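Since the structure comes first, as structure tokens, the remarks are kept for the end.
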Amino acid sequence: MALASGVRFAERALLRPWALLRGTTLGRTEPAAGGGGDGARRFGSQRVLVEPDAASGVAVMKLRNPPINALSLELLTELVISLEKLENDKTFRGVILTSDCPRVFCAGLDLTEICGRNPAHCAEYWKAMQELWLRTYLSSLVLVAAINGACPAGGCIIALSCDCRVLADNPKYRIGLNETLLGIIAPFWLKDTYVNTIGHRASEQALQLGSLFPPAEALQVGLVDQVVPEDQVQSTALSEMARWLAVPEPGSSQVGPIFFRSRAPADQEHDAKGHRRPPAEAARRRHPELCQLRLQRLHPEVAAGVLGEAPTEERLRAVLPARVLAKPILVGTVALEDSSPVFAHLKLLRALCFAHLPRRP
Ligand SMILES: CCCCCCCCCCC/C=C/C(=O)SCCNC(=O)CCNC(=O)[C@H](O)C(C)(C)COP(=O)(O)OP(=O)(O)OC[C@H]1O[C@@H](n2cnc3c(N)ncnc32)[C@H](O)[C@@H]1OP(=O)(O)O
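Numbering (the UniProt record's numbering), first residue to last: 1 to 361.
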């Protein structure tokens, strides 16, 4: 019964993705504070405020999901929509990501979206998280993170997917991937991003220990590019942005994310007939490893929370054929490959099963 209702939820969500945006108003436009000139109109949604400046081609995007900007399904979805909107508008070349909530840039995954929720909801949530990752990490826009508050776990993931990070000099504003301490194992693409940013040994230590770095240490290890007084974060981010945007074409577009962050040739943007591929498909081709996100282990309590009760081997074997259990699970495929909520559901279940069953030879 729980399975059936989970599937129905996902089915509804797939048919009407906007139904996920409970209480959200998208595309609202209003004059920017203190602005009014050309392009000085802000738009956005309930949880993402966008202040565009057409003259400079830069938009400031503020997360506002008080009190701590936890990445709820709604916030993730609204972020993806806002970024997509700016990417499709050729006026804009850069986005500054920052927080509208005092003292917190982003608290990471909204844990209430994972624990105690049904598998269909978790699959939908994870899909939204990956969409945000793809949208930011492979964006054609220059992204600068103006980190004006605490930045743990998922917050750090957002910051890592930007081209440049400016952190406010406040010892309470720590940044890092601390999810190991919660029993969540970072997928390998996230580990790789950490390695790309702070190097192998530092990542190994920081990931295993779940380290959160105060500003001076974050700067020293290379996790952020600048540490500045709190009231200078925004202006420094704008100066950094100007530096990045000053690089002339074609260099700026060629030596960008596609060059550094993808393994497949950039021409996979177009199909054999020269038609532009939908962004998600192009990203999958450029970055196939994202489709193979593998949840090797999941903390028993997280899994139990997701399933609603401890998934005993007996119970799992009753639900799933043995050959399914023998294989590693590709949770990422849930999000990116399948449109069928039934498959999504089963694959997520398999992922959780795999976490609890001994490996077969
Ligand atoms: C489908 C299966 C998915 C499996 C996923 C596997 C994928 C692995 C890769 C994913 C990697 C990312 C992982 C994460 O992001 S996990 C989240 C980690 N986040 C944290 O550890 C941050 C925890 N929070 C804090 O440190 C502080 O709250 C913070 C510094 C952010 C703010 O401190 P402050 O003192 O200002 O505020 P409070 O601590 O009092 O918090 C206010 C209320 O907010 C609640 N809270 C805090 N964090 C979260 C959160 N992440 N999700 C939900 N709710 C959160 C906190 O409990 C307070 O609530 P109450 O007011 O009700 O008490």
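Quick reminder that beta carbons are idealized off the backbone N, C-alpha and C, glycines included. On a predicted model such as this, the values are computed, not experimentally measured, just so you know.
Close CB contacts of Cys106 within its chain, under the 7 Å cut and outside five residues either way in sequence, are with Leu63, Asn69, Leu71, Ser99, Cys151, Gly154, Gly155 and Ile158 (chain order).
Excluding its 5 nearest sequence neighbours in each direction, Asp110 has C-beta neighbours in its own chain below 6 Å: Ala70, Leu71 and Ser72, listed in chain order. For Pro52, the three-state secondary structure derived from DSSP is strand.
For ligand 1, no non-hydrogen atom lies closer than 6 Å to the CB of Val195.
Under the three-state reduction of DSSP output, Ser99 falls in the strand class.
In the assembly as shown, Arg165 is a buried residue. Its beta-carbon has 16 or more other beta-carbons within 10 Å. Listed in chain order, the non-local C-beta contacts of Ser203 below 7 Å within the same chain comprise Lys191, Tyr194 and Val195, local neighbours out to five positions each way being set aside. CA-CA distance, Ser56 to Arg243, rounds to 12 Å. Distances taken from the Cβ of Ile158 to the heavy atoms of ligand 1 include none shorter than 6 Å.
Distances taken from the Cβ of Glu179 to the heavy atoms of ligand 1 include one shorter than 6 Å. Residue environment for Asp163: buried (at least 16 other C-beta atoms within 10 angstroms of its C-beta). DSSP places Ile68 in the coil class of the three-state scheme, outside both helix and strand. With 16 or more other CB atoms across the displayed protein chains lying within 10 angstroms of its CB, Leu75 is buried. Put simply, the segment 232 to 241 does not touch the segment 205 to 223. Fewer than three CB pairs are less than 8 Å apart. At a threshold of 6 Å, Thr98 does not count as near ligand 1, since its beta carbon sits no closer than that to any of the ligand's heavy atoms. Three or more beta-carbon pairs drawn from the segment 41 to 51 and the segment 74 to 88 are found closer than 8 Å, and the two stretches are therefore classed as touching. Distance check between Ala237 and each of Leu167, Ser139 and Arg135 places Leu167 closest, using alpha-carbon atoms only. Listed as beta-bridge partners of Ala146 by DSSP are Val166. With respect to the C-alpha of Glu179, the residue from Leu245, Asn65 and Gly108 having the closest C-alpha is Gly108. Residues of the same chain with a CB within less than 8 Å of the CB of Leu207, apart from the 5 flanking positions on each side, are Leu177, Thr180, Ala186, Lys191 and Tyr194 in chain order. For Pro214, the secondary structure class from DSSP, reduced to helix, strand or coil, is coil. A distance criterion of 6 Å places the beta-carbon of Leu109 in contact range of ligand 1, judged by its closest non-hydrogen atom. Each of Val58, Leu49, Glu51 and Pro52 was checked against the Cα of Ala246, and the nearest Cα belongs to Val58. Residue pairing of Gln226 in beta bridges, as defined by DSSP: Val166. It is roughly 31 Å from the alpha-carbon of Met61 to the alpha-carbon of Gly116. Cα atoms of Asp225 and Ala123: separation of roughly 34 Å, rounded to the nearest angstrom. In the DSSP assignment, Ile175 forms a beta bridge with Cys151 and Phe213. Counting only residues of its own chain and dropping the five nearest sequence neighbours on each side, Leu132 has a CB closer than 6 Å to the CB of Leu76, Leu79 and Val80.
In this structure, Val95 sits away from Leu49, with a CB-CB distance that is not shorter than 7 Å. No residue range can be given for Leu141, since it is assigned to no beta strand (DSSP E) and is classified by DSSP as neither H nor E.
Taking C-alpha positions only, Leu134 is separated from Ala120 by approximately 21 Å.
Val104 and Tyr173 have their C-alpha atoms spaced approximately 8 Å apart. In this model, Ile147 and Ser139 are separated by some 19 Å (Cα to Cα). Counting along the chain, Val104 sits inside no alpha helix (DSSP H), nor does DSSP assign it H or E at all. When the Cα atoms are used, Leu141 and Arg201 turn out to be separated by approximately 30 Å.
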